[in-house]
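K.L.:
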Amino acid sequence: MKRVFNFCAGPAALPVEVLEKAQSELLDYQGLGMSVMEMSHRSKEIVDMADRAVAGLRELLAVPDNYEILYLQGGATGQFSAIPMNLLGSNNKVDFIDTGDWSKKAIKEAQKYGDVHIAASTAEGNYTSVPTQADLNLRPDAAYVHYTPNETIRGVEFDYVPDTGDVPLVADMSSTILSRPIDVSKYGLIYAGAQKNIGPSGLCWVIIRKDLMDQAMDVCPSVLNYAEMAKAGSMLNTPPTLSLYLCGLVFDWLKEQGGVEGIGAVNGKKAETLYHYVDQSDFYQNPVAVNARSWMNIPFTLANADLDKQFLSESEAAGLTNLAGHRSVGGMRASIYNAVGQDAVDALIAFMQDFAERNQ
Ligand SMILES: *Cc1c(COP(=O)(O)O)cnc(C)c1O
518 MKRVFNFCAG
528 PAALPVEVLE
538 KAQSELLDYQ
548 GLGMSVMEMS
558 HRSKEIVDMA
568 DRAVAGLREL
578 LAVPDNYEIL
588 YLQGGATGQF
598 SAIPMNLLGS
608 NNKVDFIDTG
618 DWSKKAIKEA
628 QKYGDVHIAA
638 STAEGNYTSV
648 PTQADLNLRP
658 DAAYVHYTPN
668 ETIRGVEFDY
678 VPDTGDVPLV
688 ADMSSTILSR
698 PIDVSKYGLI
708 YAGAQKNIGP
718 SGLCWVIIRK
728 DLMDQAMDVC
738 PSVLNYAEMA
748 KAGSMLNTPP
758 TLSLYLCGLV
768 FDWLKEQGGV
778 EGIGAVNGKK
788 AETLYHYVDQ
798 SDFYQNPVAV
808 NARSWMNIPF
818 TLANADLDKQ
828 FLSESEAAGL
838 TNLAGHRSVG
848 GMRASIYNAV
858 GQDAVDALIA
868 FMQDFAERNQ
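The sequence shown begins at 518 in the working numbering and counts up by one.
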């Protein structure tokens, strides 16, 4: 069997130990003679498994008691609609910080429900930086402020948490959650599609301050209604049980890596090695402002774009896969989430070095 170094932006690499554990339990989960996929989601075993997964995330991020943790369907994209439908009401003002492609998609959905104001945008600089706190033109009477701490496509990450005063801060952490410690109490709501840095696709995790939970619009579908889903333990309908099970295994694995502190140290080092190599090279380039560089998604271009195809086919042949940049920006992108180790980054750099020498 051969495992490649997988730099996919999502669905992304999973820890091999997690896949092995799932494989060992696939036919016979806990002596029940069937797989987790074949059991009622109302069974004690599945409910316990779900509770353990939720507790795992709560422990890893030290989520305070006044926050609810939900797992919902419809992806992070579903939350682009669910959040305005749950948080906007008689006050329908929402402020957005626009730092790229995912911000724009969230803005487009919110415009269907509320009065959207762009508090800052880095569009003019082609989304290669983050606005400073002083750049934020926030409305003190907004219902919430939305931002995207890590823009997955262009590899732009905030190096601070915006201060929004008493206005709740909402964060799309799809591609940065669990990459390092965070202070959950600074946020009103955190959400993250699972398939980047948690588990397989199928779930979006939502961490919400309980006092924000009970004000959904009447038209909000029950499966997207935070209060209703909380009351039903996120099982108002059938959840993707296999995805949930794998998320739980990833949380266990992360605890074995020393939690978010442990993995954060590894992630910081991985990103530093790759940026350092790119910066000292005259063959590769990264356009993002140094303070706004993502730890998880690292785009780079070649000095000569005519070599892109050759770079991709040769890297693929060398066991380094999914390095093409997003179709909207081109170039290359290495996504180095938690399950992609320093060994993968070192192998990538060795390949890049060799490729540059041969094509200089
Ligand atoms: C991938 C991604 C999304 C979309 O996630 P889906 O689960 O496919 O809806 C949203 N926001 C960010 C930052 C992402 O990286």
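Quick reminder that beta carbons are idealized off the backbone N, C-alpha and C, glycines included.
(1) Is D710 near ligand 1 - that is, is its Cβ less than 7 angstroms away from at least one heavy atom of it?
(2) Closer than 7 angstroms: is that where the CB of T669 sits relative to any heavy atom of ligand 1?
(3) How many Å lie between S691 and F828 at the Cα?
(4) Return the residue from the list L741, A593, A788, G682 that minimises the CA-CA distance to A711.
(5) Sort out for me which residues DSSP pairs T818 with in a bridge.
(6) With H, G and I counted as helix, E and B as strand and the rest as coil, what does DSSP make of H793?
(7) What separation, rounded to the nearest whole angstrom, lies between the Cα atoms of D823 and K519?
(8) If the criterion is Cβ atoms closer than 8 angstroms, does the pair L589 and M734 meet it?
(9) Does DSSP classify V687 as helix, strand or coil?
(10) What is the rounded straight-line gap between the Cα of T665 and the Cα of G527?
(11) Going by beta carbon distance, what residues of the same chain come within less than 6 angstroms of Y704, once the five residues before and after it are set aside?
(12) Got a sec? Which residues, its chain only, sit under 8 angstroms from G682 by beta carbon, not counting five neighbours each side?
(13) Please report the straight-line C-alpha distance between K561 and L549, rounded to a whole angstrom.
(14) Say yes only if the C-beta of W722 is nearer than 7 angstroms to one or more non-hydrogen atoms of ligand 1, and no if none qualify.
(15) Looking at G672 and P816, is the spacing between their C-beta atoms short of 8 angstroms?
(16) Mind the definition here: the region 764 to 780 touches the region 527 to 543 only if three or more C-beta pairs lie below 8 angstroms; say whether that holds.
(17) Would you mind sorting M551 into buried or exposed? The rule is 16 or more other CB atoms within 10 Å of its CB.
(18) What does the Cβ neighbour count give for N523, buried or exposed, with the cut at 16 atoms within 10 Å?
(19) Measuring only the C-alpha atoms, how far is A861 from I853?
P.N.:
Let me spell this out:
(1) The residue labelled residue 710 in the question sits at position 193 within the sequence shown. It is worth fixing the name first, because residue 710 is Gly in this sequence and not Asp. G710: yes, Cβ under 7 angstroms from ligand 1.
(2) Start at 1 with the first residue of the sequence shown, and residue 669 comes out as number 152. Yes; taking the cut-off as 7 angstroms, the Cβ of T669 has a heavy atom of ligand 1 nearer than that.
(3) As a first step, residue 691 must be located in the sequence shown, where it is residue number 174. As a first step, residue 828 must be located in the sequence shown, where it is residue number 311. Approximately 28 angstroms, taken between the alpha carbons.
(4) Residue numbering aside, residue 711 sits at position 194 when the sequence shown is read from its first letter. Looking at the Cα atoms, A593 is the closest of the given residues.
(5) Within the sequence shown, the letter at position 301 stands for residue 818. Answer by DSSP bridge pairing, in chain order: Q802.
(6) As a position in the sequence shown, residue 793 is number 276, starting the count at 1. Helix, per DSSP.
(7) Looking up residue 823 in the sequence shown gives position 306. Looking up residue 519 in the sequence shown gives position 2. So the alpha carbons of these two residues sit roughly 30 angstroms apart.
(8) On the sequence shown, position 72 is the one that residue 589 refers to. On the sequence shown, position 217 is the one that residue 734 refers to. The answer is no: Cβ separation not under 8 angstroms.
(9) Along the sequence shown, read from residue 1 onward, the residue named residue 687 stands at position 170. Correct three-state label for V687: strand.
(10) As a first step, residue 665 is located in the sequence shown; it is residue number 148 there, counting from the start. As a first step, residue 527 is located in the sequence shown; it is residue number 10 there, counting from the start. About 16 angstroms.
(11) Position 187 of the sequence shown, counted from the start, is the residue given in the question as residue 704. So the qualifying residues of the chain are L686, A688.
(12) As a position in the sequence shown, residue 682 is number 165, starting the count at 1. Here the set comprises L655, P657.
(13) Numbered from its first residue, the sequence shown carries residue 561 at position 44. Numbered from its first residue, the sequence shown carries residue 549 at position 32. Spanning the two alpha carbons is a distance of roughly 12 angstroms.
(14) Position 205 of the sequence shown holds residue 722. No, since every heavy atom of ligand 1 falls outside the 7 angstroms radius drawn around the Cβ of W722.
(15) The count along the sequence shown starts at 1 and reaches residue 816 at position 299. The count along the sequence shown starts at 1 and reaches residue 672 at position 155. Cβ distance < 8 angstroms, so P816 and G672 count as in contact.
(16) Judged by Cβ distances under 8 angstroms, the region 764 to 780 makes contact with the region 527 to 543, as three or more pairs qualify.
(17) If you number the sequence shown from 1, residue 551 lands on position 34. By the 10 Å Cβ count, M551 comes out exposed.
(18) Residue mapping note: residue 523 aligns to position 6 of the sequence shown, counting from 1. Under this definition N523 is a buried residue.
(19) Start at 1 with the first residue of the sequence shown, and residue 861 comes out as number 344. Start at 1 with the first residue of the sequence shown, and residue 853 comes out as number 336. Cα-Cα distance, rounded: 8 angstroms.
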